[in-house]
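Novice: Count along the sequence shown from 1, add 255, and you get the number used in this note's numbering.
From the three backbone atoms N, C-alpha and C, an ideal C-beta is built for every residue, glycine too.
This one's a predicted model, so the numbers in the text were calculated from it and none came from an experiment.
Sharing a structure below in structure tokens format, with a few things to ask.
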Amino acid sequence: KPCLRKDTSESAICLICMGPSTKKKPLIPIPCSKTCNKSPVHLKCIYEWKEHGKGNGTCILCRSPLNEIDYDPPDYLHSKTLAVYDSRKQFNLQPIPKKAGMIRCYIIVRNGFWGSPATYEMFMQEPQSRRYPGGELPDACSPHSGDIALMYAKKRLGKWGASQIDIGMSKKNLGKSSPNHLGLVQAASVLGLEHNILAANRDTISQNLSYGEVGCVAYRQNRVGAESGPRKMSLLLPQVMEVDKVGQSKISATSYNSEVSEEDEDEDEISYSTAVHYPEEKKNSLLNVLKQGSSSFERTSEFGQQFIQGRNKQPYWLEAINAHSLDFNGRVTVPSNKNFQLELQGQAGYHDNVALQFGKVFDDDKNVSIYTLDFSWPFSPLQAFGIALSSCDRKLACA
256 KPCLRKDTSE
266 SAICLICMGP
276 STKKKPLIPI
286 PCSKTCNKSP
296 VHLKCIYEWK
306 EHGKGNGTCI
316 LCRSPLNEID
326 YDPPDYLHSK
336 TLAVYDSRKQ
346 FNLQPIPKKA
356 GMIRCYIIVR
366 NGFWGSPATY
376 EMFMQEPQSR
386 RYPGGELPDA
396 CSPHSGDIAL
406 MYAKKRLGKW
416 GASQIDIGMS
426 KKNLGKSSPN
436 HLGLVQAASV
446 LGLEHNILAA
456 NRDTISQNLS
466 YGEVGCVAYR
476 QNRVGAESGP
486 RKMSLLLPQV
496 MEVDKVGQSK
506 ISATSYNSEV
516 SEEDEDEDEI
526 SYSTAVHYPE
536 EKKNSLLNVL
546 KQGSSSFERT
556 SEFGQQFIQG
566 RNKQPYWLEA
576 INAHSLDFNG
586 RVTVPSNKNF
596 QLELQGQAGY
606 HDNVALQFGK
616 VFDDDKNVSI
626 YTLDFSWPFS
636 PLQAFGIALS
646 SCDRKLACA
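Below is the structure:
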């Protein structure tokens with residue numbers, strides 16, 4: 256075992272994470288009320304130890320109560336700026352910062368009466384001091400004070416009975432004519448197995464509206480034959496763009512690890528933007544690229560440089576409940592065939608690392624349901640919302 260040092264010199268290490276002292280993460284003596292030991296700890300480490308209730312939030316060494324810890328967790332999302340409309344709009348369209356890790360959001364689904372369309376409200380939970388997945392779940396009284404309304408959506412029927420879900424910043428006006436309009440989720444057919452996630456782009460001079468693809472989701476039919484069973488879904492996103500200091504964008508084909516390392520926290524934040532795909536022909540649409548996969552490219556590396564591919568994590572059979580199950584770390588509490596977790600190819604620990612998860616936590620008899628929606632970089636809130644909406648949309652060929 257490493258020896259415990261009683262000094263906070265450069266050679267000392269944190270008693271909790273065993274990491275060294277850095278300029279941004281200096282060491283302090285452990286704030287034990289009994290002053291049992293002067294062992295050094297990072298302020299962030301001892302704060303999280305106390306907040307998580309590890310050892311009941313007591314001293315690591317003697318289990319005495321800890322003194323008050325004066326520490327404010329960093330707000331990587333700049334949540335205070337989201338009260339401003341333009342800042343919130345920009346936040347919705349760009350990837351979540353890497354340092355933020357998994358962020359906690361939820362969607363309130365209000366099913367229409369007498370055939371009227373369903374509406375969807377996406378909120379980000381008030382920033383919590385407890386590290387993910389700790390913290391409170393949304394409930395029947397949500398939204399609570401401090402929760403931030405990000406986007407709203409409303410379903411309508413499109414061409415040939417295929418559904419379209421308009422997404423906007425305002426609860427009342429979501430349509431294409433509204434300046435609040437952000438995009439839409441468009442089903443490819445009445446079967447509801449394929450969905451495009453489109454971002455709206457309005458010309459500042461002519462006010463003409465166009466759409467670009469920011470993602471697509473495809474589901475396998477599971478109602479009949481050998482394919483029957485839990486849902487299987489796959490998705491494709493355009494690769495994120497790294498923005499340099501002069502505002503120029505370039506493709507960033509880096510790995511997608513949602514876990515933030517200690518080294519990452521000490522580095523300056525790199526800005527990214529969500530790339531938008533504008534296919535010149537229908538055969539080049541994201542849905543067609545998803546169907547063909549990397550086989551449509553001369554080199555597999557070209558596919559990875561342009562696109563991010565993922566799929567849902569397959570549930571396991573749990574004998575205790577006689578049903579399929581997934582571990583949502585306490586963030587999902589109600590069974591539903593809409594619940595899922597997404598893994599991204601190219602992600603560190605591809606088969607074990609979840610980049611987005613969606614699941615039900617509340618359901619009542621008044622046609623109101625609440626789902627948690629937790630996601631991390633490289634997803635933007637618009638992409639995450641669109642993927643969740645595709646899961647909620649009715650599918651004739653998928654249970």
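#1: Counting only runs that start and end within the region 374–408, where is the beta strand (DSSP E) found for 3 or more residues in a row?
#2: Tell me whether ASP521 is buried or exposed, calling it buried when 16 or more other Cβ atoms sit within 10 Å of its Cβ.
#3: Ends of the beta strand (DSSP E) at ILE271?
#4: Classify SER294: buried if its beta carbon has 16 or more other beta carbons within 10 angstroms, exposed otherwise.
#5: Give the secondary structure of GLU598 by DSSP, where H, G and I count as helix, E and B as strand, and everything else as coil.
#6: Whose C-alpha, out of SER635, ALA652 and SER646, is nearest the C-alpha of VAL469?
#7: Between which two residues does the alpha helix (DSSP H) harbouring GLN494 extend?
#8: Hey, could you find the ends of the beta strand (DSSP E) GLU536 is sitting in?
#9: In this structure, does DSSP put LYS279 in helix, strand or coil?
#10: Could you name the residues of the same chain whose beta carbon sits closer than 7 Å to that of LEU337, not counting the 5 residues immediately before and after it, in chain order?
#11: Is the region 424–433 touching the region 441–451 in the sense that three or more CB pairs, one from each, lie closer than 8 Å?
#12: Please report the straight-line C-alpha distance between ILE452 and ALA639, rounded to a whole angstrom.
#13: Take every Cβ of the region 611–630, pair it with every Cβ of the region 351–367, and state whether three or more of those distances are shorter than 8 Å.
#14: Under three-state DSSP, which class holds SER646?
#15: Does the beta-carbon of LEU651 have 16 or more other beta-carbons within 10 angstroms, so that it is buried, or is it exposed?
#16: Where does ASN539 land, buried or exposed, given buried means 16+ other C-beta within 10 angstroms?
#17: Tell me where the beta strand (DSSP E) around TRP632 begins and ends.
#18: Counting pairs of beta carbons, one from the region 563–574 and one from the region 585–602, are three or more of them closer than 8 Å?
#19: Where does CYS314 fall in DSSP's three states?
Specialist: Result, derived from the coordinates:
#1: Every beta strand (DSSP E) of 3 residues or more that sits fully in the region 374–408 is shown, in chain order, as 374–379.
#2: The count along the sequence shown starts at 1 and reaches residue 521 at position 266. Only weak support is given to the placement of ASP521: the predicted model assigns it a pLDDT of 45, under 50, and the value that follows is read from those uncertain coordinates. Under a 10 Å Cβ-count criterion, ASP521 is classified as exposed, with fewer than 16 other Cβ atoms of the shown protein chains found around its own Cβ.
#3: In the sequence shown, counting from the first residue as 1, residue 271 sits at position 16. In the DSSP assignment, ILE271 falls outside any beta strand (DSSP E), carrying neither H nor E.
#4: Taking the first residue of the sequence shown as position 1, residue 294 is located at position 39. Around the beta carbon of SER294, a 10 Å sphere encloses 16 or more other beta carbons of the protein chains shown; the residue is thus reported as buried.
#5: Position 343 of the sequence shown, counted from the start, is the residue given in the question as residue 598. Here GLU598 sits in strand by DSSP.
#6: By 1-based counting over the sequence shown, the position of residue 469 is 214. Ranking SER635, ALA652 and SER646 by Cα distance to VAL469 puts SER635 first.
#7: What you label residue 494 is simply residue 239 of the sequence shown in a count that begins at 1. No alpha helix (DSSP H) contains GLN494, which DSSP labels as neither H nor E.
#8: Position 281 of the sequence shown holds residue 536. Counted as a single uninterrupted DSSP element, the stretch harbouring GLU536 is not any beta strand (DSSP E), since DSSP gives it neither H nor E.
#9: Taking the sequence shown and counting its residues from 1, the one referred to as residue 279 is at position 24. Looking at LYS279 - three-state DSSP - the assignment turns out to be coil, as it is neither helix nor strand.
#10: As a working mapping, residue 337 is identified with position 82 in the sequence shown. Around LEU337: ARG343, PHE346 and ILE403.
#11: The region 441–451 is not in contact with the region 424–433.
#12: Here the question's residue 452 lines up with position 197 in the sequence shown. Here the question's residue 639 lines up with position 384 in the sequence shown. Cα atoms of ILE452 and ALA639: separation of roughly 10 Å, rounded to the nearest angstrom.
#13: Taking a cut-off of 8 Å for Cβ pairs, the region 611–630 and the region 351–367 touch, as three or more such pairs fall below it.
#14: The residue labelled residue 646 in the question sits at position 391 within the sequence shown. DSSP, read as helix, strand or coil, puts SER646 in helix.
#15: Within the sequence shown, numbered from 1, the residue matching residue 651 stands at position 396. The Cβ neighbour count for LEU651, taken over all protein chains shown within 10 Å, is under 16; the residue is labelled exposed.
#16: Along the sequence shown, one-based indexing puts residue 539 at 284. That one is exposed.
#17: If you number the sequence shown from 1, residue 632 lands on position 377. No beta strand (DSSP E) holds TRP632; DSSP gives it neither H nor E.
#18: Contact check between the region 563–574 and the region 585–602: three or more CB pairs, one atom from each, fall below 8 Å, which counts as touching.
#19: Within the sequence shown, numbered from 1, the residue matching residue 314 stands at position 59. Three-state result, CYS314: coil.
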